[in-house]
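Before any comments, here is the structure.
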Amino acid sequence: MTQNTQQQSSSVSKISSYLLLIVAIVMSLAIVAIFSAVYAYMIDCLIQAGFLLIIGAFALAISLVVLYQTRRNAAALQDEAPKVMTIIECKNCGTKITRDFQRGDFVFKELGACEKCPEQKQMITGVYKEIKTKEKTYAI
Ligand SMILES: [Zn+2]
648 MTQNTQQQSS SVSKISSYLL LIVAIVMSLA IVAIFSAVYA YMIDCLIQAG
698 FLLIIGAFAL AISLVVLYQT RRNAAALQDE APKVMTIIEC KNCGTKITRD
748 FQRGDFVFKE LGACEKCPEQ KQMITGVYKE IKTKEKTYAI
């Protein structure tokens, strides 16, 4: 579970750094094209100037759109990272504790003794995913 999320986030950051490199290249080419357009305009090559300006503006627009989309996707991924919680209960006194999910947690698993009643063991009664928008609960 934890390994999966780590692999996912590392591959996402790999893709976005690869994309950022492409965006940087396209953006620098766009700037070169715009400067060439200015130069062509100064030496009275108006057709070439217009052509270079269109290419430069188009490339700049594309790189800005890609950059904006990547940022937005990255933000959305961070927001949706689900948090898994575990509910621990004592059947004797009814004490209920919710804590972060730990590796090896499962429903009906017996844990250490309850703080209030040492003869009664605590038991996991629920494991659920915490999502901001919608919440799915797998509790008994
Ligand atoms: Zn108890």
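So the mapping is simple: my numbering equals the position in the sequence shown, first residue as 1, plus 647.
Backbone N, C-alpha and C fix where the C-beta goes; we use that ideal spot for every residue, glycine too.
Shorter than 6 Å, the distance from the beta carbon of residue i to the closest heavy atom of ligand 1, or not?
| i | result |
| --- | --- |
| Q767 | yes |
| K743 | no |
| N739 | yes |
| K763 | yes |
Inspect the beta-carbon positions of residue i and residue j and report whether they are closer than 7 Å.
| i | j | result |
| --- | --- | --- |
| Q769 | L758 | yes |
| L699 | A684 | yes |
| C740 | K763 | yes |
| V713 | V754 | no |
| F710 | M674 | The question names Phe, but residue 710 is Ser in the sequence shown. Their beta carbons are under 7 Å apart, which means S710 touches M674 by this criterion. |
Using 8 Å for Cβ pairs, my map puts residue i next to residue j. What's the rounded Cβ distance?
| i | j | result |
| --- | --- | --- |
| A706 | L668 | Not quite, the Cβ-Cβ distance comes to about 15 Å (not below 8 Å), so this is no contact. |
| G773 | I734 | 4 Å |
| A696 | A687 | 4 Å |
So, at 6 Å on beta carbons, what are the nonlocal neighbours of residue i in its own chain, with the 5 sequence-adjacent residues on each side left out?
| i | result |
| --- | --- |
| K756 | I771 |
| Q767 | C737, N739 and C761 |
| I778 | P729 |
| M648 | With a pLDDT of only 46 at M648, under the threshold of 50, the placement of this residue in the model should not be trusted; the figure read from the coordinates follows. Same-chain partners within the cutoff: there are none. |
Go through its chain and collect everything with a Cβ distance to residue i's Cβ below 8 Å, but skip five positions before and after it.
| i | result |
| --- | --- |
| I694 | none |
| A680 | L699, L700, I702, G703 and A706 |
| Q650 | Because the pLDDT at Q650 is just 48, under 50, the model does not fix this residue reliably, and the value given afterwards should be weighed accordingly. Excluding positions up to five away in sequence, the list is empty. |
| I672 | none |
| R746 | M732, T733 and I735 |
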